[in-house]
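Trainee:
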Amino acid sequence: MKWPRRRGKRLRAGQYFARGVAFLVFIAIVGTVRSVFALNALSQARSELIDQLGPTALSANDISIAMLDQETGLRGYVLSGERTFLVPFLSGRRDAEAALERLEGQLRFESVQPFREEIEEIAGSARDWELNYADPTVEEASSNPGGPRSIAQVKAGKARFDRFRQSVRRLNVVLGPARADGREALRENARIVTFWTIFTGVVILLSLALVAWLLRKQMIAPLQTLAGRVRDVARGDYEREVTAEGAAEVVELAEDVESMRARIVAELAALQTAEADLRRSNQELEQFAYVASHDLQEPLRKVASFCQLLQQRYGGQLDARADQYIGFAVDGAQRMQDLINDLLAFSRVGRMEQPHTDVDTAKLVERAQTDLSRAIEDSGAEVLVEGELPVVQGDASLLRLVFQNLIGNAIKFRAEAAPRVEISAEREGEEWRFRVADNGIGIDPEYAERIFVIFQRLHPRSQYEGTGIGLAMCRKVVEYHGGKMWLDTGSTTGSGSTFYFTLPAEPADTESR
1 MKWPRRRGKR LRAGQYFARG VAFLVFIAIV GTVRSVFALN ALSQARSELI DQLGPTALSA
61 NDISIAMLDQ ETGLRGYVLS GERTFLVPFL SGRRDAEAAL ERLEGQLRFE SVQPFREEIE
121 EIAGSARDWE LNYADPTVEE ASSNPGGPRS IAQVKAGKAR FDRFRQSVRR LNVVLGPARA
181 DGREALRENA RIVTFWTIFT GVVILLSLAL VAWLLRKQMI APLQTLAGRV RDVARGDYER
241 EVTAEGAAEV VELAEDVESM RARIVAELAA LQTAEADLRR SNQELEQFAY VASHDLQEPL
301 RKVASFCQLL QQRYGGQLDA RADQYIGFAV DGAQRMQDLI NDLLAFSRVG RMEQPHTDVD
361 TAKLVERAQT DLSRAIEDSG AEVLVEGELP VVQGDASLLR LVFQNLIGNA IKFRAEAAPR
421 VEISAEREGE EWRFRVADNG IGIDPEYAER IFVIFQRLHP RSQYEGTGIG LAMCRKVVEY
481 HGGKMWLDTG STTGSGSTFY FTLPAEPADT ESR
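Every letter in the sequence shown is one number past the one before it in this note's numbering, and letter 181, counting from 1, is 181.
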């Protein structure tokens, strides 16, 4: 017998999985770290552009508008003397102060620090125009409405306002490239984030595809191949060698299955040999049964017949001892015939198979009573059938022997009172459970199994007749029909015996007749 050879060292499925997961985790970590850095840079670029440089330019523009409102309102008030023109002047003053606070507040950002000089120039020129030109002009116009203004004063105010405009223009000039650089950094970091996101996703998908391919190559496909070969063996192709490639677990499983197949083949060969031996033994047993039923019984009948003739013709003519010897010979020959007949009947159970038919167990009990009518009449026995007995599938002649032996034993092993036998049946699932109880001498629970062994007797032959085969034959008949038989060990000696046996119920039979 060829046993499977162990393969070389292979990776286990867990190792494939661990390596695949480790690779995926590594790629995920690298992609995540790179994406985090890129997102951080993107966020920083966005913050510089939108939250720092953008508001700085916007604040400078707001200051320009507010200063223009002040200049317009001041001119109108000076020319007309109407105080309504001071409304835009005053609101422009408030807006300008608020915008200047915002603009100077932007200096807290590192990205705005390079423009500190321009911002301070804007704030200084704006306040210079307000304090040194606008406020004195308003006071003068209020005290002398419509009065003339000197050319020098007007030119000084214009120069201060032009200085303010130039400072705003310089700030916008230097902010332009910085904002352009911020937009470019924003786009670049967005591209980096997109790249690493796509790269990580693609690598993970490719890794998953690789893991799936390895899983199919190392596990699924080998298991499918192994399953097909195992199915071939299960269908009876025991010569089919079971092998597999792939992960170590699959190879080891294939080797274990191959070892099992090899053992099955060896055991089948042994079983076939044993079957051939058993068939030969059965043939020899059948031959023995034939010889016993013909060749042995014929001379035994002659011995019994001549002993009986001697007893009939010379009985009383010889001395008492001779009559006793002749009686012993007649009794021994008769018991030998009974033993051979019982032994042949026991050996034929299950061997001389007859087709199973519907058997009415109630009629079997009636026939058994008919066969035992003389013993029943002599002993005054009473056989009671409780309820209705079912119809089962089986060999009627064999099943009749079961009831006949149990009723006969109840009569044979009786106590002082007249024998009473109770027979009943009850459906339990897919089988019928029969109960045969008597009021005889009972059986000690210690011998609950011994009584079913052939030739085993609990009482001497001089006290109770019999061959010791009856109960063994009953159990063999019941087991031949697919049931089981046992003694109720709950009863005590002297309180009678209760036997139970089961028989399969017919599939369409749902209740007793």
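Ideal placement from N, C-alpha and C gives every residue a C-beta, glycine not left out.
These figures come from a predicted structure and were not determined experimentally.
Within 8 Å, do at least three Cβ pairs link the region 150 to 159 to the region 96 to 111?
Mentor: no
Trainee: For the candidate residues 165, 372 and 358, whose alpha-carbon lies nearest to that of residue 389?
Mentor: Translated into the one-based positions of the sequence shown, residue 389 becomes position 389. Distances from the CA of residue 389 to each of 165, 372 and 358 were compared; the closest alpha carbon is that of 358.
Trainee: Can you check which of these residues, 230, 99, 101 and 71, is closest to residue 87 by C-alpha distance?
Mentor: Residue numbering aside, residue 87 sits at position 87 when the sequence shown is read from its first letter. Minimum Cα distance to residue 87 is reached at 71.
Trainee: Using 8 Å as the threshold, is the C-beta distance between residue 364 and residue 411 below it?
Mentor: For the purposes of this step, residue 364 is taken as residue 364 along the sequence shown, with counting starting at 1. For the purposes of this step, residue 411 is taken as residue 411 along the sequence shown, with counting starting at 1. In this structure, residue 411 does not lie closer than 8 Å to residue 364 by Cβ.
Trainee: How long is the line joining the alpha carbons of residue 169 and residue 128, rounded to whole angstroms?
Mentor: Position 169 of the sequence shown holds residue 169. Position 128 of the sequence shown holds residue 128. Approximately 17 Å, taken between the alpha carbons.
Trainee: Measure the CB-CB distance between residue 77 and residue 138 and report whether it falls below 8 Å.
Mentor: The residue given as residue 77 occupies position 77 in the sequence shown. The residue given as residue 138 occupies position 138 in the sequence shown. Their beta carbons are under 8 Å apart, which means residue 77 touches residue 138 by this criterion.
Trainee: As an exercise, report each continuous beta strand (DSSP E) stretch of at least 3 residues that is fully enclosed by the region 228 to 256, in chain order.
Mentor: none
Trainee: Where does residue 104 sit, in a helix, a strand or coil, going by DSSP?
Mentor: Along the sequence shown, read from residue 1 onward, the residue named residue 104 stands at position 104. Helix at residue 104.
Trainee: Please give me, in chain order, every unbroken run of the alpha helix (DSSP H) with length at least 4 that falls completely inside the region 191 to 216.
Mentor: none
Trainee: Out of curiosity, what's the CA-to-CA distance linking residue 514 and residue 187?
Mentor: The chain is shown only over 1 to 513; residue 514 falls outside these bounds and no answer can be derived.
Trainee: Answer with buried or exposed for residue 132, where buried requires no fewer than 16 other C-beta atoms within 10 angstroms of its C-beta.
Mentor: Working through the sequence shown from its first residue, we reach residue 132 at position 132. So residue 132 ends up on the exposed side.
Trainee: Looking only at DSSP bridge pairs, what is residue 73 linked to?
Mentor: The sequence position of residue 73 within the sequence shown is 73, counting from 1. According to DSSP, which records beta bridges pairwise, residue 73 is partnered with nothing at all.
Trainee: Is the beta carbon of residue 205 sitting closer than 8 Å to the one on residue 118?
Mentor: The sequence position of residue 205 within the sequence shown is 205, counting from 1. The sequence position of residue 118 within the sequence shown is 118, counting from 1. The answer is no: Cβ separation not under 8 Å.
Trainee: Tell whether a beta-carbon distance below 8 Å holds between residue 241 and residue 393.
Mentor: Locating residue 241 in the sequence shown gives position 241, where the first residue counts as 1. Locating residue 393 in the sequence shown gives position 393, where the first residue counts as 1. Result no, Cβ atoms of residue 241 and residue 393 do not sit closer than 8 Å.
Trainee: Distance check for residue 202 and residue 220, CA to CA, integer angstroms please.
Mentor: Start at 1 with the first residue of the sequence shown, and residue 220 comes out as number 220. Start at 1 with the first residue of the sequence shown, and residue 202 comes out as number 202. For the pair residue 220 and residue 202, the Cα-to-Cα distance works out to about 25 Å.
Trainee: Expressed to the nearest angstrom, what Euclidean distance is found between the alpha-carbon atoms of residue 309 and residue 485?
Mentor: As a working mapping, residue 309 is identified with position 309 in the sequence shown. As a working mapping, residue 485 is identified with position 485 in the sequence shown. Residue 309 and residue 485: Cα-Cα distance of roughly 44 Å.
Trainee: In the structure shown, what three-state DSSP assignment does residue 327 receive?
Mentor: Within the sequence shown, residue 327 is the residue found at index 327, counting from 1. Residue state, collapsed to three classes: helix.
Trainee: Could you check what DSSP says for residue 278 in three-state terms: helix, strand or coil?
Mentor: Translated into the one-based positions of the sequence shown, residue 278 becomes position 278. Three-state DSSP puts residue 278 in a helix.
Trainee: What did DSSP end up calling residue 418 once you bin it into helix, strand or coil?
Mentor: On the sequence shown, residue 418 is found 418 positions in, with the first residue counted as 1. Three-state DSSP puts residue 418 in coil, outside helix and strand.
Trainee: Reducing DSSP to helix, strand and coil, say where residue 437 ends up.
Mentor: Numbered from its first residue, the sequence shown carries residue 437 at position 437. Strand.
Trainee: By DSSP's criteria, residue 358 is part of a beta bridge. Which residues make up the other side?
Mentor: Counting from one through the sequence shown, the residue named residue 358 turns up at place 358. Partner(s): 393.
Trainee: Exposed or buried, which one is residue 299 when buried takes at least 16 other CB atoms within 10 Å?
Mentor: Counting from one through the sequence shown, the residue named residue 299 turns up at place 299. Answer is exposed; the Cβ neighbour count stays below 16.
Trainee: Which stretch, first to last residue, makes up the alpha helix (DSSP H) that contains residue 503?
Mentor: Walking along the sequence shown from the start, residue 503 turns up at place 503. No alpha helix (DSSP H) contains residue 503, which is instead part of the beta strand (DSSP E) from 498 to 504.
Trainee: By how many angstroms is the C-alpha of residue 30 removed from the C-alpha of residue 161?
Mentor: Position 161 of the sequence shown, counting from 1, holds the residue named residue 161. Position 30 of the sequence shown, counting from 1, holds the residue named residue 30. Using only the alpha carbons, I get a separation of about 57 Å.
Trainee: By the DSSP assignment, the alpha helix (DSSP H) with residue 524 in it spans what residues?
Mentor: The question about residue 524 has no answer here: the residues shown for the chain are numbered 1 through 513.
Trainee: Give me the residue from 94, 396 and 419 with the minimum Cα distance to residue 69.
Mentor: Taking the sequence shown and counting its residues from 1, the one referred to as residue 69 is at position 69. The option with the nearest alpha carbon to residue 69 is 94.
Trainee: Can the beta-carbon of residue 520 be found closer than 8 Å to that of residue 498?
Mentor: Since the displayed the chain opens at 1 and closes at 513, residue 520 lies outside it and no answer follows.
Trainee: Taking the alpha helix (DSSP H) that residue 138 falls in, what are its first and last residues?
Mentor: Your numbering for residue 138 matches position 138 in the sequence shown. Taken as a continuous stretch (DSSP letters only), the alpha helix (DSSP H) holding residue 138 covers 135 to 143.
Trainee: Would you kindly work out how many angstroms separate the C-alpha atoms of residue 82 and residue 142, rounded to a whole number?
Mentor: Locating residue 82 in the sequence shown gives position 82, where the first residue counts as 1. Locating residue 142 in the sequence shown gives position 142, where the first residue counts as 1. Cα to Cα, the separation comes out at about 10 Å.
Trainee: Looking only at C-alpha atoms, which of 431, 448 and 415 sits nearest to residue 495?
Mentor: Along the sequence shown, read from residue 1 onward, the residue named residue 495 stands at position 495. Considering only alpha carbons, the answer is 415.
Trainee: For residue 213, count neighbouring C-beta atoms within 10 Å of its own C-beta (all shown protein chains included) and say buried if the count is 16 or more, exposed if not.
Mentor: Stepping through the sequence shown from its first residue, residue 213 is reached at position 213. Residue 213 is exposed by the Cβ-count criterion.
Trainee: Report yes or no: do the region 367 to 387 and the region 416 to 433 share at least 3 C-beta pairs separated by less than 8 Å?
Mentor: yes
Trainee: May I have the straight-line CA-CA distance separating residue 504 from residue 487, to the nearest angstrom?
Mentor: The residue given as residue 504 occupies position 504 in the sequence shown. The residue given as residue 487 occupies position 487 in the sequence shown. The straight-line gap from Cα to Cα measures roughly 19 Å.
Trainee: Buried or exposed: residue 356, going by 16 or more other Cβ atoms within 10 Å of its Cβ?
Mentor: If you number the sequence shown from 1, residue 356 lands on position 356. With fewer than 16 other Cβ atoms within 10 Å, it is exposed.
Trainee: Distance, Cα to Cα, residue 471 vs residue 405?
Mentor: Within the sequence shown, residue 471 is the residue found at index 471, counting from 1. Within the sequence shown, residue 405 is the residue found at index 405, counting from 1. One C-alpha to the other measures close to 7 Å.
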